[in-house]
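Inspection log for the structure reproduced underneath, given as structure tokens.
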Amino acid sequence: MSRTERLRRRRGVLVTGLVLVAGVGLGGTAIATADPEQSRVATQAHAEPAVPGTPCAASVRACVDLETRQAWLVRDGKVTGGPFRVTTGGEGKATPVGHSFRVYRKEADHRSGEFPGPDGRPARMPWSMFFADGGIAFHGGDLSRESAGCVKLGARDAQRFFETLQVGDKVQVVNGSVERRHRAEARGRV
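Here it is in structure tokens:
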């Protein structure tokens, strides 16, 4: 075997090894986060007191219950607004569950880069506050239609969220009954 062939073979083995290691790492991550209720962050959230009247932890600034399709604004463990009616993701485009999302960007007059509006132009997403990977945001919109994973609010409610939430604020998105069960288990009441 020539020196060039040996180098190619070593590179191939190295690349294969990296792919396997990355694949195991990614697979392990996917498996570990397949049930967001079993993550370390979820366990910490379940141990916190809940905001009265919501299924969320006291440390959040915004709470969303996917089951009841309601959201709340929270400060210092107390509800400051809500419940607000919301529309969330539909089949195949579910709104992700998570215990420590953070608002990372705000745009008062955002237009979708993915979805057209009824007029064929990029869909309006007024009062957008992005908080999860994949462009998931709170924003104003038509509450009669499911979203593509976002949390849609009525226009005035979306504006209130926009004016209240700041970049860095913690957002929790849960299925209320599941969250309540995990909280009870964390306290040894089940």
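According to UniProt numbering, the stretch in the sequence shown is residues 1 to 190, in order.
Beta carbons are placed, not taken as given, at the ideal position from N, Cα and C, and that holds for glycine.
Everything numeric in this text was worked out from a predicted model, so none of it was measured.
- The Cβ atoms of His99 and Ala45 sit closer than 7 Å to each other.
- Here Arg156 is exposed, its C-beta having fewer than 16 other C-beta atoms within 10 Å.
- Nearest C-alpha to Thr43 among Ala57, Gly53, Gly82, Val51: Ala57.
- If you keep only unbroken beta strand (DSSP E) runs of at least 3 residues inside the segment 72-107, you get 78-87, 98-102.
- Residues Arg111, Ser112, Gly113, Phe115, Pro116 of the same chain have their beta carbon placed closer than 8 Å to that of Pro122, with the five preceding and five following residues left out of the count.
- In chain order, Ala71, Val151, Val173 place their CB closer than 6 Å to the CB of Val64, counting only its own chain and leaving out the 5 sequence neighbours on each side.
- In the structure shown, the three-state DSSP call for Arg181 is helix.
- The residue among Glu48, Gly53, Arg105 with its C-alpha nearest the C-alpha of Ser59 is Glu48.
- Under the three-state reduction of DSSP, Gln166 is assigned to coil, being neither helix nor strand.
- No Cβ-Cβ contact shorter than 7 Å links Arg102 with Val86.
- Here Glu179 is buried, its C-beta having at least 16 other C-beta atoms within 10 Å.
- In this structure, DSSP gives Ala137 an extended state, which the three-state scheme calls strand.
- At a Cβ-Cβ threshold of 7 Å, Arg75 and Asp169 do not count as neighbours.
- Out of Ala132, Asp109, Val167, the CA that lies nearest to the CA of Gly141 is found in Asp109.
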